[in-house]
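Under the working numbering, residues 22 to 411 are what the sequence shown spells out, in order. A virtual CB, placed ideally from N, CA and C, is assigned to each residue, including glycine. Fair warning: this is a prediction, and the values are worked out from it, not measured in the lab.
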Amino acid sequence: MTPATGLTSLELATGMVLGAGDVTPLPHPPGAGPLEALERAILPALLRPPCLVSFSGGRDSSAVLATAVALARREGLAPPIAATNVFPQAPAADEAQWQERLVRHLGLADWVRVQSTDELDVIGPYAQRLLRRHGLLWPFNAHFLGPLLDSARGGSLLTGMGGDELFGAARALRPRALAAGMARPEARDALRIAFAFAPQALRRRVLARREPVAFPWLRPRGREAATAALAAWSAGEPRGLRDRLAWVMSSRYLEVATASLELTADDAGVLLAHPLLSAPFWAEVGHLAAPAGFRSRTDGVRRVFGEVLPEEICARQTKAHFNEAFWTERSRAFVRAWDGTGVRSEFLDAPALRAHWREERPAANSFTALQALWLASADPVEEPAYSLPG
Numbered sequence: 022m023t024p025a026t027g028l029t030s031l032e033l034a035t036g037m038v039l040g041a042g043d044v045t046p047l048p049h050p051p052g053a054g055p056l057e058a059l060e061r062a063i064l065p066a067l068l069r070p071p072c073l074v075s076f077s078g079g080r081d082s083s084a085v086l087a088t089a090v091a092l093a094r095r096e097g098l099a100p101p102i103a104a105t106n107v108f109p110q111a112p113a114a115d116e117a118q119w120q121e122r123l124v125r126h127l128g129l130a131d132w133v134r135v136q137s138t139d140e141l142d143v144i145g146p147y148a149q150r151l152l153r154r155h156g157l158l159w160p161f162n163a164h165f166l167g168p169l170l171d172s173a174r175g176g177s178l179l180t181g182m183g184g185d186e187l188f189g190a191a192r193a194l195r196p197r198a199l200a201a202g203m204a205r206p207e208a209r210d211a212l213r214i215a216f217a218f219a220p221q222a223l224r225r226r227v228l229a230r231r232e233p234v235a236f237p238w239l240r241p242r243g244r245e246a247a248t249a250a251l252a253a254w255s256a257g258e259p260r261g262l263r264d265r266l267a268w269v270m271s272s273r274y275l276e277v278a279t280a281s282l283e284l285t286a287d288d289a290g291v292l293l294a295h296p297l298l299s300a301p302f303w304a305e306v307g308h309l310a311a312p313a314g315f316r317s318r319t320d321g322v323r324r325v326f327g328e329v330l331p332e333e334i335c336a337r338q339t340k341a342h343f344n345e346a347f348w349t350e351r352s353r354a355f356v357r358a359w360d361g362t363g364v365r366s367e368f369l370d371a372p373a374l375r376a377h378w379r380e381e382r383p384a385a386n387s388f389t390a391l392q393a394l395w396l397a398s399a400d401p402v403e404e405p406a407y408s409l410p411g
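What follows is the structure, encoded as structure tokens:
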């Protein structure tokens with residue numbers, strides 16, 4: 022097990038944290054609406070200035086920023102400050118046009134932009150600082166907030182974490198969409214409905230065949246174990262909207278990820294908040310989406326945030342990708358020098374992993390293993406060596 026996050030050997034090898042913890046039912050929504058619930062989750066951060074908002078330009082961080090700005094102005098509080106990591110050498114991460122549109126729309130005077138080249142590499146200086154202090158964290162990019170936390174020292178930082186999970190869980194599943202008249206019947210709907218109501222064990226077997234985990238750096242037993250774990254977790258998804266929201270919120274990966282980020286914030290003396298992961302907010306969104314769920318993510322964003330976001334942002338379909346910012350010459354140099362030793366795991370195939378890392382765009386799921394190897398090779402005078410678990 023790893024010291025900070027409790028990753029298993031399989032989770033380290035796959036970069037995937039699966040399974041659910043204890044499912045806590047969502048609170049009963051008072052019916053005040055999602056925005057009021059979100060404001061309650063944002064307010065403590067505004068009361069601890071400077072309040073920065075991790076702002077990528079995507080819909081989730083835009084919604085948090087816009088809601089925080091509206092709340093601060095209404096309550097006479099210091100305005101939140103948009104804070105953005107900028108990567109000139111990573112074109113796929115460029116969201117400048119979307120960012121500028123919202124900043125202009127909100128009339129913001131302050132905007133912190135921190136430019137990085139390889140500083141946020143998987144084993145760059147921000148990652149190394151965390152790895153040496155806390156051991157292996159998950160997700161591999163827990164250090165992404167490092168520059169923003171440095172700018173927010175003594176204050177607070179809001180993130181847009183949780184939007185993907187919320188709107189994914191609040192979607193209308195096919196049987197419900199059909200029953201509510203939200204979708205037109207198709208030839209395969211009979212099979213889909215039968216699958217939705219099949220016993221969980223049968224769904225697990227079908228999902229294992231349909232959605233195998235086939236990362237090329239895994240040994241056969243690793244692929245089998247990862248496929249089984251993913252299928253078991255997916256097969257447990259409830260059909261009911263409210264139950265599904267509570268089930269997703271209890272996901273182990275959210276628990277591990279928020280715990281890792283909390284460590285980074287504590288190091289900087291910053292109050293870190295993820296208002297989109299507020300349980301009352303999820304309850305209000307579920308109430309709004311009932312009984313079937315949202316037709317689409319865009320439908321959900323529009324209905325929840327249409328009052329604070331411009332329509333063009335609500336309807337946006339594109340999304341930035343940051344792998345180029347995490348995998349730079351710093352990681353490539355480490356991989357070129359790695360002789361394939363140091364991997365002691367029943368799930369990892371060292372030669373296949375080495376070959377994968379030499380590809381032009383290695384998969385982000387392999388980056389956690391790279392950080393573990395870096396820890397294993399770290400100067401033992403500064404920190405004890407860290408080895409991959411067996």
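- In chain order, R265, W268 place their CB closer than 6 Å to the CB of P259, counting only its own chain and leaving out the 5 sequence neighbours on each side.
- Comparing C-alpha distances from E345 to each of A222, L33, R226, R382 shows the shortest one belongs to R382.
- Distance from the Cα of E305 is smallest, within the candidate group A62, L282, R226, for A62.
- Residues D142, V143, I144, L391 of the same chain have their beta carbon placed closer than 7 Å to that of S352, with the five preceding and five following residues left out of the count.
- Note on geometry: alpha-carbon atoms of E380 and F161 lie some 19 Å from one another.
- Rounded to whole angstroms, the separation of the alpha carbons of A190 and P46 is 14 Å.
- Within the same chain, F108, A111, A113, A114, N162, F165 come within 8 Å of F343 by CB-CB distance, once the 5 residues on both sides are set aside.
- With fewer than three CB-CB distances shorter than 8 Å, the stretch 92–99 does not count as touching the stretch 323–337.
- Bridge partners of W132 according to DSSP: A103.
- With fewer than 16 neighbouring CB atoms inside 10 Å of its own CB, H49 falls in the exposed class.
- One thing to note: V133 has its Cβ within 9 Å of the Cβ of A103.
- Boundaries of the beta strand (DSSP E) harbouring V74: 72–75, taken from the DSSP string.
- Buried is the label assigned to R224, since at least 16 other Cβ atoms lie within 10 Å of its Cβ.
- The three-state secondary structure of L292, taken from DSSP, is strand.
- Counting only unbroken stretches of 4 or more residues, the alpha helix (DSSP H) elements lying wholly within the stretch 292–353 are 300–310, 318–326, 332–335, 344–347, in sequence order.
- Here R80 carries a helix assignment [DSSP, helix/strand/coil].
- In the displayed model, L396 falls within a helix according to three-state DSSP.
- Taken through DSSP and simplified to helix, strand or coil, S255 comes out as helix.
- When the five nearest sequence neighbours on each side are left out, the beta carbons in the same chain lying within less than 7 Å of the beta carbon of M182 are those of H295, L297, L298, in order along the chain.
- When the alpha-carbon of A256 is set against those of V227, R337, L330, the nearest one is in V227.
- If you compare the alpha carbons of P71, A385, G128 with that of F236, the shortest gap goes to A385.
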